[in-house]
Amino acid sequence: MHLLTSTQLSREELLLLFEQAKTLQESKTIPQTMTGKILGTIFLEPSTRTRLSFETAMLRLGGQIISIPNAESSSLNKGETLEDTGRMISSFADIIAIRTPEKGQVAKFSTHSSVPVINAGDGTGEHPTQHLLDFYTIWKNRGTLDGLTLGLMGDNKNSRVLRGMAKMATVFDIKLIFISPDELQPDEEVLSYLKKKGREYHQVTNIGEVIDQLDVLEINRVRHEYFEDKQRALEIGKQFILNTETVRKGKAELIVLDPLPRINTVQTDVDDLPQAKYFEAVENGVFVRMALMNQLMQR
Amino acid sequence: MHLLTSTQLSREELLLLFEQAKTLQESKTIPQTMTGKILGTIFLEPSTRTRLSFETAMLRLGGQIISIPNAESSSLNKGETLEDTGRMISSFADIIAIRTPEKGQVAKFSTHSSVPVINAGDGTGEHPTQHLLDFYTIWKNRGTLDGLTLGLMGDNKNSRVLRGMAKMATVFDIKLIFISPDELQPDEEVLSYLKKKGREYHQVTNIGEVIDQLDVLEINRVRHEYFEDKQRALEIGKQFILNTETVRKGKAELIVLDPLPRINTVQTDVDDLPQAKYFEAVENGVFVRMALMNQLMQR
Amino acid sequence: MHLLTSTQLSREELLLLFEQAKTLQESKTIPQTMTGKILGTIFLEPSTRTRLSFETAMLRLGGQIISIPNAESSSLNKGETLEDTGRMISSFADIIAIRTPEKGQVAKFSTHSSVPVINAGDGTGEHPTQHLLDFYTIWKNRGTLDGLTLGLMGDNKNSRVLRGMAKMATVFDIKLIFISPDELQPDEEVLSYLKKKGREYHQVTNIGEVIDQLDVLEINRVRHEYFEDKQRALEIGKQFILNTETVRKGKAELIVLDPLPRINTVQTDVDDLPQAKYFEAVENGVFVRMALMNQLMQR
Chain L
1 MHLLTSTQLS
11 REELLLLFEQ
21 AKTLQESKTI
31 PQTMTGKILG
41 TIFLEPSTRT
51 RLSFETAMLR
61 LGGQIISIPN
71 AESSSLNKGE
81 TLEDTGRMIS
91 SFADIIAIRT
101 PEKGQVAKFS
111 THSSVPVINA
121 GDGTGEHPTQ
131 HLLDFYTIWK
141 NRGTLDGLTL
151 GLMGDNKNSR
161 VLRGMAKMAT
171 VFDIKLIFIS
181 PDELQPDEEV
191 LSYLKKKGRE
201 YHQVTNIGEV
211 IDQLDVLEIN
221 RVRHEYFEDK
231 QRALEIGKQF
241 ILNTETVRKG
251 KAELIVLDPL
261 PRINTVQTDV
271 DDLPQAKYFE
281 AVENGVFVRM
291 ALMNQLMQR
Chain G
1001 MHLLTSTQLS
1011 REELLLLFEQ
1021 AKTLQESKTI
1031 PQTMTGKILG
1041 TIFLEPSTRT
1051 RLSFETAMLR
1061 LGGQIISIPN
1071 AESSSLNKGE
1081 TLEDTGRMIS
1091 SFADIIAIRT
1101 PEKGQVAKFS
1111 THSSVPVINA
1121 GDGTGEHPTQ
1131 HLLDFYTIWK
1141 NRGTLDGLTL
1151 GLMGDNKNSR
1161 VLRGMAKMAT
1171 VFDIKLIFIS
1181 PDELQPDEEV
1191 LSYLKKKGRE
1201 YHQVTNIGEV
1211 IDQLDVLEIN
1221 RVRHEYFEDK
1231 QRALEIGKQF
1241 ILNTETVRKG
1251 KAELIVLDPL
1261 PRINTVQTDV
1271 DDLPQAKYFE
1281 AVENGVFVRM
1291 ALMNQLMQR
Chain A
2001 MHLLTSTQLS
2011 REELLLLFEQ
2021 AKTLQESKTI
2031 PQTMTGKILG
2041 TIFLEPSTRT
2051 RLSFETAMLR
2061 LGGQIISIPN
2071 AESSSLNKGE
2081 TLEDTGRMIS
2091 SFADIIAIRT
2101 PEKGQVAKFS
2111 THSSVPVINA
2121 GDGTGEHPTQ
2131 HLLDFYTIWK
2141 NRGTLDGLTL
2151 GLMGDNKNSR
2161 VLRGMAKMAT
2171 VFDIKLIFIS
2181 PDELQPDEEV
2191 LSYLKKKGRE
2201 YHQVTNIGEV
2211 IDQLDVLEIN
2221 RVRHEYFEDK
2231 QRALEIGKQF
2241 ILNTETVRKG
2251 KAELIVLDPL
2261 PRINTVQTDV
2271 DDLPQAKYFE
2281 AVENGVFVRM
2291 ALMNQLMQR
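Order-wise, the sequence lines are chains L, G and A. Residue 1 is where the first sequence starts when you use our numbering, and the numbers rise one by one after that. Residue 1001 is where the second sequence starts when you use our numbering, and the numbers rise one by one after that. Residue 2001 is where the third sequence starts when you use our numbering, and the numbers rise one by one after that.
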């Protein structure tokens, strides 16, 4: 089975995954379930965090790595189709994590793969394991994912992290609040998905209006590449800066998340507050990816 | 011992290698002959298939990898000679697979290496392990390499795959047919080698003339970098497109091979025919490289 | 504990390290002290020797590797601070070796790292493990580091190798001779450090004046990037060419070292002389890095 989208896992599957991640994280010695297995990490767009997190997870489970760490090291430069590349790499690796520059490319790559493929980000498309580690971090800290209010601040229109998190949230009893200027509010695709799933959401333009209602605040930086007017991107970006003052207006048990790197999002003085969970989420990510690979390899 | 050229292995050595590859491929658990050993993969020209195939082979034998995945990650940029680089890397690795942009560079690299060096492609020079996996695939499917007719279609003048395959074929009782326009027929170096070895060959310009005689058809894409006239390269390239219709005119047991990536060579609808063996060859390549490394490390 | 500078290790710590490196180098089987551990190699400037040496050391100790082999494979491109990157990677790896383009960047990176960080070169700053392998090579060959005369030839003003070696030498009874034209003699920072430590040094412009006094000669190439006048860099560079004739004027037990790559430094005909120890130093480097990582992980 592949993991391609934020919507393909059920509530039960997610909770089982989180239980298994927690068991791994709490175990003194990690069961070496991947001995003799190889993970292929194919990153046609630069990444540090996601690639190294997957590789660390595989190594700590006793497995090994083959890697294309960037597009320059790949014969995709020679004009090979993603379908052929996927089929080829699935002759080598037992499981594959791949990032591509454009939406839909991971699905193409997976078409002829004989082994599980994990979408590690396909342009403006999906990045489901990011949501896994964010929701796992919330679940670990709060003990549940139901009855919470989740604020999503940033470019809700284009950010694959914010879009996908909104969709994955629908399997839980989570109230969503989108925090963006009007032009960066989610598009119809996301909103109609929420309506179909019967989930409550609100849209505001300013964090100040809702900070005291939030159990979780996820922030994602503005990506300048989506703006023709770079000056406008810069101005908008500054609206998403989060400082200590704002955090302190929120609930004591507020969880602040950011997929990192943070550029004009969370200020470094927030790091020392108990609400800051983004570095803990990086650590958690290794365990949730371990659990995911264990599951995908068993099916 | 190094593996540098397509002509250095005898008939007996090749057949022994294929037997050993087959034993590995059929074994339930791969003997961990490389435990504690390190393969260095030095790719000064981009590659996916060859590098990952070598690395997979080493990991599945229980060994480990150090790698220069592309020229940018190397201090060859600082002006170090290949001789010094080879000597240095042989202090680290127990065996080395290297690809270089220019002919003769792998031989230079191997001069002062204290460990076995495998030529994984040196520009227009040689790429012997590609032939190993192609001939192994034929041998596995037909049970022999004698009494066969092998068609080589593409740029027989410049392609290291086609040139080397023609030469390696001479240790078996193989009839060669070169399929190219006149300007891309093999040069005197290759033809005089075949004459010296007493092997029969024919030269035709069109696959249609000979498709019914072939036991094996190897196709390699035209490389545009060898043509000043890029438009001409494009036109010629199209002559080497292989579709289902042509394959069906051939023998039922025809084996179609392509080193991949395929660009204007085998059409995707051929993939589903039993004659298509190019993806099987990718899988086979891992085992023939395992057998090769086992052999080189024992001498 | 981190290893950031050439001055942080005491005489006793250095000698203990060399003893441990020698034990590892002489042992028939390397104790697998790093089983289950991961080294992160982060090279934001290209390197072959240093990165592969660290990786080889870790693999031979039974550990594993995660790597950013060049800046292109990193999300530092996205504008992440070195402090955040360091904190993040220390969630994955158990120890980190990092090279950066600019002085001071490794120290920044280490600020929030929860695991040991080794400076593998920070621009014009420091590269302490290079000195470790050079002094270890001298110690192995001579049995002591006291009572020796060490010549440092090249760009003594800018070279991190020469500057750091001069400083590290002060913990031993070593007489220093700087061999450079006036404009490339060490700056006040280095000279005042030597005075403070009470160590004797001399400054000459020509190797011929002092070759017969030297027990060790370390040469480092001129880096053209430090010269506005590239022609001048070329002229100066030629002054540091070392040939057989000059070596033969020195003591029979002279040890010639060069951090490599050698560009206008040691001529290849010197390689066959017993004085040439630069390739032995590369081999030694793996063992001294093993010993270092063992020590840093124990504290």
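Even for Gly, the Cβ is constructed at its ideal location relative to N, Cα and C.
Practice problem: Please state whether DSSP places aspartate 1182(G) in a helix, a strand or coil. | Solution: Here aspartate 1182(G) sits in helix by DSSP.
Quiz item: Would you say isoleucine 2263(A) reaches chain G, if we count a Cβ-Cβ gap shorter than 8 Å as a contact?
Solution: Isoleucine 2263(A) counts as touching chain G.
Quiz prompt | Minimum C-alpha distance to arginine 262(L) - residue among Glu253(L), Ile219(L) and Lys230(L) | solution = Ile219(L)
Quiz item: In terms of residue numbering, what span does the beta strand (DSSP E) encompassing serine 370(L) cover?
Solution: Because chain L in this structure spans residues 1 to 299, residue 370(L) falls outside the shown range and cannot be described.
Quiz item: Along chain L, which residues have their Cβ under 7 Å away from the Cβ of arginine 2087(A)?
Solution: Phe279
Exercise. Could you tell me whether any non-hydrogen atom of the ligand FAD is closer than 7 Å to the CB of leucine 2017(A)?
Key: Absent from the structure shown: the ligand FAD. Ligands present: none.
Self-check item: Near-chain A residues of the segment 1027 to 1048 of chain G (beta-carbon distance less than 8 Å), N- to C-terminal order
Solution: Residues passing the 8 Å Cβ filter: Gly1036, Ile1038 and Gly1040.
Practice problem: Starting from isoleucine 1030(G), trace the beta strand (DSSP E) both ways and give me its first and last residue. | Solution: Per DSSP, isoleucine 1030(G) belongs to no beta strand (DSSP E) and is neither H nor E.
Quiz prompt | Cβ-Cβ distance between leucine 1145(G) and phenylalanine 1109(G) below 8 Å | solution = no
Quiz item: Does the beta-carbon of glutamate 2012(A) have 16 or more other beta-carbons within 10 angstroms, so that it is buried, or is it exposed?
Solution: exposed
Quiz item: Is leucine 2052(A) close to chain G, meaning its C-beta is less than 8 Å from at least one C-beta of that chain?
Solution: At a cut-off of 8 Å between beta carbons, leucine 2052(A) contacts chain G.
Practice problem: Look at the alpha carbon of leucine 2052(A) and the alpha carbon of threonine 50(L), and state the distance between them as a whole number of angstroms. | Solution: 23 Å
Exercise. Output yes if chain G places a C-beta closer than 8 Å to the C-beta of valine 2222(A); else output no.
Key: It does not; no Cβ of chain G falls within 8 Å.
Self-check item: 6 Å CB neighbourhood of isoleucine 2042(A) in its chain, flanking five on each side removed
Solution: Ile2068 and Ile2098
Quiz item: Is threonine 2041(A) helix, strand or coil when you go by DSSP?
Solution: strand
Quiz prompt | Distance, lysine 251(L) Cα to serine 6(L) Cα | solution = 28 Å
Practice problem: Below 8 Å on the Cβ atoms is my guess for tyrosine 2284(A) versus threonine 2137(A); work out the distance and round it to an integer in Å. | Solution: For the sequence presented, residue 2284(A) should be read as asparagine rather than tyrosine. The pair is a contact, with the Cβ atoms about 5 Å apart (cut-off 8 Å).
Quiz item: Using the beta-carbon count (16 or more within 10 Å), is asparagine 243(L) buried or exposed?
Solution: exposed
Practice problem: Kindly confirm or deny that the segment 2024 to 2040 of chain A and the segment 2185 to 2199 of chain A touch, where touching means at least three C-beta pairs closer than 8 Å. | Solution: no
Quiz item: Would histidine 127(L) pass as a contact of glycine 86(L) if the rule is Cβ separation under 8 Å?
Solution: No, these two residues do not count as a Cβ contact at 8 Å.
Exercise. For proline 2069(A), return the contacting residues in chain L, with the cut-off set at a CB-CB distance below 8 Å.
Key: Identification of chain L residues near proline 2069(A) by a Cβ-Cβ cut-off of 8 Å yields Pro69, ordered along the chain.
Self-check item: Bridge partners - tyrosine 226(L), DSSP secondary structure assignment
Solution: Paired residues: none, contrary to the question.
Practice problem: State yes or no: is the C-beta of methionine 297(L) within less than 8 Å of the C-beta of alanine 57(L)? | Solution: no
Quiz item: According to DSSP, is aspartate 2122(A) helix, strand or coil?
Solution: strand
Quiz item: Using a beta-carbon distance below 8 Å, is isoleucine 118(L) in contact with chain G?
Solution: Not closer than 8 Å to any Cβ of chain G, the Cβ of isoleucine 118(L) fails to qualify, so no.
Quiz item: Name the chain L residues whose beta carbon is nearer than 7 Å to that of phenylalanine 2092(A)?
Solution: Under the 7 Å cutoff, chain L gives Leu52, Ser53, Thr56 and Val286.
Quiz item: If we cut at 8 Å on Cβ distances, does aspartate 84(L) have a partner in chain G?
Solution: yes
Quiz item: Just the Cα atoms here: how many angstroms apart are valine 216(L) and lysine 195(L)?
Solution: So the alpha carbons of these two residues sit roughly 21 Å apart.
Quiz item: Mapping DSSP to helix, strand and coil, what is glutamine 203(L)?
Solution: strand
Quiz item: Which whole-angstrom value is the C-beta distance of leucine 176(L) and tyrosine 201(L), which I expect to be below 8 Å?
Solution: 4 Å
Exercise. Output yes or no for whether 8 Å exceeds the beta carbon distance between arginine 2223(A) and aspartate 2155(A).
Key: At the C-beta level, arginine 2223(A) and aspartate 2155(A) come within 8 Å of one another.
Quiz item: Closest to lysine 1103(G) by CA distance: which of Leu1044(G), Gly1208(G), Asp1134(G) and Ile1207(G) is it?
Solution: Put simply, of Leu1044(G), Gly1208(G), Asp1134(G) and Ile1207(G) the residue whose alpha carbon is nearest the alpha carbon of lysine 1103(G) is Leu1044(G).
Quiz item: Is there at least one Cβ from chain L nearer than 8 Å to leucine 1292(G)'s Cβ?
Solution: For leucine 1292(G), the answer is no, since every Cβ of chain L falls outside 8 Å of its Cβ.
Quiz item: Of all the options Val288(L), Glu253(L), Phe287(L) and Arg232(L), which has the alpha carbon lying nearest to the alpha carbon of lysine 277(L)?
Solution: Glu253(L)
Quiz item: Quick one: what does DSSP say valine 304(L) is sitting in, helix, strand or coil?
Solution: This structure cannot speak to residue 304(L), because chain L is shown only from 1 to 299.
Exercise. Leaving aside the five residues before and after phenylalanine 1018(G) along the sequence, list all residues of the same chain whose C-beta is less than 6 Å from its C-beta, in chain order.
Key: Tyr1136 and Trp1139
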